[in-house]
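**Q** Below you will find the structure I want to go over with you.
Residue numbers (our numbering): 70 to 111.
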């Protein structure tokens with residue numbers, strides 16, 4: 070069995086993202102770079 074790539078437990082990863090508020094930071098960065106454009110939801 071190779072150990073080239075390993076992924077953390079998805080629940081731990083989600084908890085970490087939530088705790089560190091990472092997605093909000095990433096989203097803001099992408100908006101500033103013009104790579105993410107908001108979609109108007111109806």
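The C-beta atom is built at its ideal place from N, Cα and C for all residues, glycine as well.
If you follow the alpha helix (DSSP H) that residue 97 is part of, which residue opens it and which one closes it?
**A** Here residue 97 is taken as the residue at index 28 of the chain shown, counted from 1. Element bounds for residue 97: 91-101.
**Q** Can you give me the C-alpha to C-alpha distance between residue 89 and residue 96, rounded to a whole angstrom?
**A** If you number the chain shown from 1, residue 89 lands on position 20. If you number the chain shown from 1, residue 96 lands on position 27. Computed Cα separation, rounded: 13 Å.
**Q** DSSP three-state label for residue 105, please.
**A** The residue you call residue 105 lines up with position 36 of the chain shown. Residue 105 falls in the coil class under three-state DSSP.
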